[in-house]
């Protein structure tokens, strides 16, 4: 692979690691990275289909010459990436364009599969965390969690209802235990 293609792969991986970029933002940017990386092969258009959505590179046009690669994560077909290019020629490196394009596309698609898998895992973890937060918030029992320094991290609404103290009250207190046990003898 050429340096430009390796740079494209690196950009794809870096973008994929960014937790602030969701899959839609990721795909919007990736479809425009690929034509730049593969410009020597006269590949100028990229179309990516994922989760019933289609992403196209800028100024997209469909040409007769194309390669398609299926995107699979954990043996599940998730989408396709299609590369559209102009007439077959010999590349500047003396290789057939079709072979070069196919090899490059496979490398890029493999990286896309890894990033998609990672992003899907991130989304699942975030969904699980949100479900847990909702569960703790709505449980009809007192749930409190504190760290190694005895700082309260979780103080659900039932704790507030039973004790009369909010999480803000606990955070503002130098010694939250004094709120519950004002008598020194009970705290020792």
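Residue numbers (my numbering): 70 to 257.
Just so it is clear, CB atoms sit at the ideal spot from N, CA and C, and this is done for glycine as well.
Just so you know, these numbers come straight off a predicted model, no measurement behind them.
Item, Value
"Cross-strand partners of residue 118 (DSSP beta bridge)", "123, 149"
"Helix, strand or coil at residue 220 [DSSP, three-state]", "coil"
"Per DSSP, the bridge partner or partners of residue 135", "153"
"Local conformation of residue 102 per DSSP, three classes", "helix"
"Start-to-end residues for the beta strand (DSSP E) that takes in residue 214", "213–215"
"Residue-level contact to chain D via CB, residue 75, 9 Å cutoff", "Of the chains in the structure shown, none is chain D; there is only one protein chain."
"Other residues of its chain near residue 206: CB distance less than 8 Å, five sequence neighbours each side excluded", "225, 226"
"Cα-Cα separation between residue 146 and residue 105, rounded to whole angstroms", "27 Å"
"C-beta contact flag for residue 188 and residue 92 at 9 Å", "yes"
"Distance, residue 221 Cα to residue 238 Cα", "11 Å"
"Exposure of residue 178, with buried meaning 16 or more beta-carbon neighbours within 10 Å", "buried"
"Selection from 203, 246, 230 that minimises the alpha carbon distance to residue 215", "246"
"Within 9 Å, strictly: CB atoms of residue 153 and residue 141", "no"
"Residue 75 burial status per 10 Å Cβ neighbour count (16 or more: buried)", "exposed"
"Exposed unless 16 or more other CB atoms sit within 10 angstroms - verdict on residue 233", "exposed"
"Start and end residues, alpha helix (DSSP H) containing residue 249", "245–249"
"Inter-residue spacing [alpha-carbon to alpha-carbon] between residue 261 and residue 185", "This structure cannot settle anything about residue 261, because the visible part of the chain is limited to 70 through 257."
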